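Under my numbering, read the sequence shown as residues 77 to 463, first letter to last.
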Amino acid sequence: MKQIYLDNAATTDIHPDVVQVMLETMKMNFGNPSSSHSLGREAKAVLEKSRKTVADLLNVSPLEVCFTSGGTEADNMAINRSITDLGIKHAITSRLEHHAVLHTLEELERKGSVKLSYVEVDRKGNIDYSHLEKLLASYPGSLVSLMHANNEIGTLIDLRKTALLCNEYEAVFHSDTVQTIGHFAHDFSKTPLHFATGAAHKFHGPKGIGFLYINKNIGIRPLIYGGAQERQMRGGTENIYGIVGLARALELSYSHMNEHCSHIQGLKGYMMRQLTANIPNIQFNGETGVDNSLYTVLSVSLPVTEASDQMLFHLDMSGIAASGGSACSAGSDKASHVLQAIGADTARPNIRFSFCSSNTKEEIDYVVARLYDRCVGNTAETADRHF
77 MKQIYLDNAA
87 TTDIHPDVVQ
97 VMLETMKMNF
107 GNPSSSHSLG
117 REAKAVLEKS
127 RKTVADLLNV
137 SPLEVCFTSG
147 GTEADNMAIN
157 RSITDLGIKH
167 AITSRLEHHA
177 VLHTLEELER
187 KGSVKLSYVE
197 VDRKGNIDYS
207 HLEKLLASYP
217 GSLVSLMHAN
227 NEIGTLIDLR
237 KTALLCNEYE
247 AVFHSDTVQT
257 IGHFAHDFSK
267 TPLHFATGAA
277 HKFHGPKGIG
287 FLYINKNIGI
297 RPLIYGGAQE
307 RQMRGGTENI
317 YGIVGLARAL
327 ELSYSHMNEH
337 CSHIQGLKGY
347 MMRQLTANIP
357 NIQFNGETGV
367 DNSLYTVLSV
377 SLPVTEASDQ
387 MLFHLDMSGI
397 AASGGSACSA
407 GSDKASHVLQ
417 AIGADTARPN
427 IRFSFCSSNT
437 KEEIDYVVAR
447 LYDRCVGNTA
457 ETADRHF
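Right, dumping it as structure tokens:
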């Protein structure tokens, strides 16, 4: 049975060219980049070439790119060090954020390090900019942490508008951009934010490697001590193979971004139309428009049936990989905090489908047919139904 993979917001398959460049690096550049001999210098050159590739694609200085173990570490570094090093006593976020942000801020509040406020959101997951401005006016100089695209429902914030608003009130702005790096063309020289995060495995790179963009006008200390690596910002021998893979994956993402965006946006729209036409009372969580949602994510709210509790299991048994929400919360018996925050009906089966450029309309047809089986008809009734 062929596997249909629609969980790309959790992780993507690694691109063959990325595998190849990583294997070549493992064979040819095994030296420690902190060593002064020729093998160390060669490894250092490979590291800095990769850093420059990432920096050039984001239109920032290589000095502003710090490699990390992934998005979670990058989020933690930005938040913890901002509050510790910049004397920030108040933070503003939303209840829709990834737990890498929410749990970090909640722990800092529990310790008494910071007071936490939540900006209001509507039922589509859009932040209330007037409320954000009121919070900023009441607490100037705050840390603001708001993700660019929600990983569960796909709703986007206006990154530039948010950054300019934060700057007006001298706030430090951190955005978890993990879901949009490699899928949107970012130019951080024109978006005056202070921190942004990326993770290679979200754009067909390897797991265990990411980065934190640190605006050159912000001065923070390391999250991890123990060495002078990453320009003394992160102790520990660098993951050269992962870094090379990240840079190559991002390079490939940018070189095919427009065509991939067009193809995936078409699949998302097609799936919405097919679901609406074939399953009564179907609903979609979050924004779904071209301009205000992440084109790789579609959050579907299905009608309640006898099969509701086992919907993901049945999809899995049919060879379909999807998610009930964030993969980082897998195994939790709690309803999605994102769906709760927007007032979605969590009694309904809520499934996140997330796409990549290799998905096809034929796969979408198969998925819709299987959902129809579970929600509306039975196998005999659907045998002649066209999807």
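For every residue, glycine included, the Cβ atom is placed at its ideal position computed from N, Cα and C. In this text, all values refer to a predicted model and were calculated from it rather than measured experimentally.
Bridge partner(s) assigned by DSSP for residue i
i	result
G274	F287
C142	L288
A167	L192 and L219
Q359	S377
L232	A225
A445	Paired residue(s): none; A445 is not in a bridge.
S251	A272
A420	A420 pairs with nothing; no bridge assigned.
S37	Lying before the first or after the last residue shown, residue 37 is absent from the chain, which here runs from 77 to 463.
S412	According to DSSP, which records beta bridges pairwise, S412 is partnered with nothing at all.
Local conformation of residue i per DSSP, three classes
i	result
A459	Reliability of the predicted coordinates at A459 is poor, the pLDDT of 41 falling under 50, and the value obtained from them is presented with this limitation in mind. In this structure, A459 counts as coil in the three-state DSSP scheme.
Q386	helix
A225	strand
L133	helix
H179	helix
T101	helix
N354	helix
S111	coil
G407	For G407, the pLDDT reaches just 46, beneath the cut-off of 50, and the residue's location in the model is therefore unreliable, although a value from the coordinates is still provided. Looking at G407 - three-state DSSP - the assignment turns out to be coil, as it is neither helix nor strand.
L211	helix
R428	strand
A154	helix
I90	coil
Y301	coil
D263	coil
S126	helix
Y81	strand
I294	coil
V452	coil
V197	strand
Distance between residue j and residue i (C-alpha atoms, nearest Å)
i	j	result
I427	R307	42 angstroms
G230	G311	34 angstroms
L374	H91	23 angstroms
P476	T87	The structure shown does not extend to residue 476, since the chain spans only 77 to 463, so no value can be given for it.
M347	E124	42 angstroms
K128	S137	8 angstroms
K410	G107	46 angstroms
Y317	K237	36 angstroms
S158	I440	44 angstroms
I80	L322	25 angstroms
L388	G163	45 angstroms
E140	N84	28 angstroms
L115	L133	28 angstroms
H207	Y245	14 angstroms
R199	G362	7 angstroms
Test item: CB-CB of residue i and residue j under 7 angstroms
i	j	result
I203	I233	yes
A239	T267	yes
T364	S430	no
V97	V414	no
F287	L269	no
L343	N227	no
Y289	A272	yes
L370	A225	yes
M223	D252	yes
S384	P356	no
G201	I358	no
A119	N135	no
L339	S265	Sequence inspection shows His at residue 339; the Leu mentioned does not correspond to that position. Their beta carbons are not under 7 angstroms apart, which means H339 does not touch S265 by this criterion.
Cβ-heavy atom distance, residue i to the ligand ATP, below 6 angstroms
i	result
K283	Inclusion of the ligand ATP in the displayed structure is not the case, the ligand content being empty and no account of it being possible.
Residue i at chain C interface by Cβ criterion, 7 angstroms
i	result
Q255	Among the protein chains of the structure shown there is no chain C, as only one such chain exists.
Worksheet item: If we count Cβ pairs, one from each stretch, closer than 8 angstroms, do we get three or more for the region 294-303 versus the region 275-285?
Response: No, the region 294-303 does not touch the region 275-285.
Practice task
Pair every Cβ in the region 190-201 with every Cβ in the region 135-153, then say whether three or more of these pairs are closer than 8 angstroms.
Solution key: Pairwise C-beta distances place the region 190-201 out of contact with the region 135-153, as fewer than three of them are shorter than 8 angstroms.
Worksheet item: Quick check: the region 384-400 against the region 173-187, are there 3 or more CB pairs under 8 angstroms?
Response: Here the region 384-400 does not lie against the region 173-187, with fewer than 3 beta-carbon pairs under 8 angstroms apart.
*At least 3 beta-carbon pairs within less than 8 angstroms: the region 209-224 vs the region 176-193*: Counting Cβ pairs under 8 angstroms, three or more are found: they touch.
* contact_flag[the region 328-340, the region 178-187] where n(CB pairs < 8 angstroms) is 3 or more -> Contact between the region 328-340 and the region 178-187 is absent, because fewer than three Cβ pairs lie under 8 angstroms.
- Cβ contact check for the region 436-445 and the region 342-358: 3 or more pairs under 8 angstroms: Under the 8 angstroms Cβ criterion, the region 436-445 counts as touching the region 342-358, having at least three qualifying pairs.
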